[in-house]
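Right, one structure below, let's go through it.
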Amino acid sequence: MNDIAMKKSSLQSPSRRLQFNSLFNIPRFNQYLENRRIEKLQDHKLSLEYRISTLELFIDIEKDKCERIHSSKVFISHIIEAMMQDVVCQSRLCFEQLFRVPTNSHAAPRPSISVAMAFVSHILNEMLISKMFAENGMLNLALKVYQKLRRQEQNMLWDIENCKEDLIVMSSKLDSVKEKLKDLIDYGADTVKEGKQNVSKLTRARSVRFASC
81 MNDIAMKKSS LQSPSRRLQF NSLFNIPRFN QYLENRRIEK LQDHKLSLEY
131 RISTLELFID IEKDKCERIH SSKVFISHII EAMMQDVVCQ SRLCFEQLFR
181 VPTNSHAAPR PSISVAMAFV SHILNEMLIS KMFAENGMLN LALKVYQKLR
231 RQEQNMLWDI ENCKEDLIVM SSKLDSVKEK LKDLIDYGAD TVKEGKQNVS
281 KLTRARSVRF ASC
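The numbering of the sequence shown is our numbering, which starts it at 81 and goes up by one.
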């Protein structure tokens, strides 16, 4: 314990602190620290660029899948709609045959379809469609596939939107890292230039001093 206390006291002494702070006044040490910061920023930049490119590729793939799912969903919906429309047309044709006015003037006229009968026709259409879905296995399967494709499309659209939000965040981080990296590189170049100028001044001063001797 005494040794640890002595080490702490020696590190906290003014002479030790002065010696430690003097390290940061050494040009080569400062240059080393700057290079380390630049390396870390470059690694972070490469990591962000890789993640952004991977995310962009994932978004493109998901968009392509989503478009294919949407096309399949639309195709199946057209099939279902055509089959339902066929049932509705058959039901409507039956009602028109029952209640249409005959072209023969000698035949007794039939009453036109009332609002109540139109409502009955609508109910009948729904019953026929429900019966068709219950009895027609292919149509029932098509409806299940359509619902599954719709859920898949919606989930993919949500994933794409989330990825786009992540992409915006990462692009902002990348711009910030690039800006910091540019500032550090420019500062390092100015420091090196200033150091070379100081060395050249010192060299000229020494040459003048030796020449005067």
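Ideal placement from N, C-alpha and C gives every residue a C-beta, glycine not left out.
What you are looking at is a predicted structure, and each value in this text was computed from that prediction instead of being measured.
(message) As a quick exercise: from 164, 250, 158, 241, pick the residue whose alpha carbon is nearest that of residue 210.
(response) For the purposes of this step, residue 210 is identified with residue 130 of the sequence shown, where counting begins at 1. Of 164, 250, 158, 241, the residue nearest in Cα terms is 164.
(request) Look at residue 247 and residue 125 and say whether their C-beta atoms are less than 9 Å apart. (result) By one-based count along the sequence shown, residue 247 stands at place 167. By one-based count along the sequence shown, residue 125 stands at place 45. Not a contact, by the Cβ cut-off of 9 Å.
(request) With DSSP collapsed to three states, give me the class of residue 82. (result) The residue given as residue 82 occupies position 2 in the sequence shown. Residue placement at residue 82 is poorly supported in this model, since its pLDDT is 48, which falls under 50; the coordinates are not used for a value here.
(request) Taking only the alpha-carbon atoms, compute the straight-line gap between residue 279 and residue 264 and give it to the nearest angstrom. (result) For this step, residue 279 is matched to residue 199 along the sequence shown. For this step, residue 264 is matched to residue 184 along the sequence shown. In this predicted model, residue 279 has a pLDDT of only 46, less than 50, meaning its place in the structure is not dependable enough to derive any value.
(request) Can you have a look at residue 137 and say buried or exposed, based on whether 16 or more other CB atoms are within 10 angstroms of its CB? (result) The residue given as residue 137 occupies position 57 in the sequence shown. Per the 10 Å Cβ criterion, exposed.
(request) Note down, in chain order, each residue of its chain lying with its Cβ closer than 7 Å to the Cβ of residue 233, except the 5 sequence neighbours on either side. (result) As a first step, residue 233 is located in the sequence shown; it is residue number 153 there, counting from the start. Cβ neighbours of residue 233 beyond the five flanking positions: 146, 149, 150, 153.
(request) Compute the minimum distance between the beta carbon of residue 124 and the heavy atoms of the ligand MG, and state whether it is under 8 Å. (result) The ligand MG is absent from the structure shown, which contains no ligand whatsoever.
(message) Using only the alpha-carbon positions, how far apart do residue 221 and residue 161 sit?
(response) In the sequence shown, residue 221 corresponds to position 141, counting from 1. In the sequence shown, residue 161 corresponds to position 81, counting from 1. Straight-line Cα distance between these residues: approximately 14 Å.
(request) Alpha carbon to alpha carbon, how far is residue 212 from residue 231? Give it in angstroms, no decimals. (result) Start at 1 with the first residue of the sequence shown, and residue 231 comes out as number 151. Start at 1 with the first residue of the sequence shown, and residue 212 comes out as number 132. Cα-Cα distance, rounded: 24 Å.
(request) Taking all protein chains shown into account, decide if residue 159 is buried (16 or more other Cβ within 10 angstroms of its Cβ) or exposed. (result) To locate residue 159, count along the sequence shown from 1; it is residue 79. Classification of residue 159: exposed, given that the 10 Å Cβ count is below 16.
(request) Let me know the secondary structure DSSP gives residue 216 once reduced to three states. (result) Here the question's residue 216 lines up with position 136 in the sequence shown. Secondary structure of residue 216 (DSSP, three-state): coil.
(request) Quick one: using the 10 Å Cβ neighbour count with 16 as the cut-off for buried, is residue 141 buried or exposed? (result) Counted from its first residue, the sequence shown places residue 141 at position 61. Classification of residue 141: exposed, given that the 10 Å Cβ count is below 16.
(message) Give me, in chain order, the residues of the same chain whose beta-carbon lies closer than 7 Å to that of residue 243; leave out the 5 immediate sequence neighbours on both sides.
(response) Here residue 243 corresponds to residue number 163 of the sequence shown, with the count starting at 1. So the qualifying residues of the chain are 135, 138, 139.
(message) Using 9 Å as the threshold, is the C-beta distance between residue 171 and residue 208 below it?
(response) Indexing the sequence shown from 1 puts residue 171 at position 91. Indexing the sequence shown from 1 puts residue 208 at position 128. The Cβ atoms of residue 171 and residue 208 sit closer than 9 Å to each other.
(message) One question on the structure: do residue 254 and residue 132 come within less than 9 Å of each other, judged by their Cβ atoms?
(response) Taking the first residue of the sequence shown as 1, we reach residue 254 at position 174. Taking the first residue of the sequence shown as 1, we reach residue 132 at position 52. Yes, Cβ-Cβ distance for residue 254 and residue 132 is below 9 Å.
(request) Would you tell me roughly how many angstroms separate the C-alpha atoms of residue 122 and residue 110, rounded to the nearest one? (result) The residue you call residue 122 lines up with position 42 of the sequence shown. The residue you call residue 110 lines up with position 30 of the sequence shown. Roughly 18 Å between the two C-alpha positions.
(message) Between the alpha carbons of residue 199 and residue 235, how many angstroms are there, rounded?
(response) Working through the sequence shown from its first residue, we reach residue 199 at position 119. Working through the sequence shown from its first residue, we reach residue 235 at position 155. So the two alpha carbons sit approximately 39 Å from each other.
(message) Is the separation between the beta-carbon of residue 203 and that of residue 143 shorter than 9 Å?
(response) What you label residue 203 is simply residue 123 of the sequence shown in a count that begins at 1. What you label residue 143 is simply residue 63 of the sequence shown in a count that begins at 1. Cβ atoms of residue 203 and residue 143: not closer than 9 Å.
(request) Determine the burial state of residue 257: buried for a count of at least 16 other Cβ atoms within 10 Å of its Cβ, exposed for fewer. (result) To locate residue 257, count along the sequence shown from 1; it is residue 177. Counting Cβ neighbours within 10 Å, residue 257 comes out buried, since at least 16 surround it.
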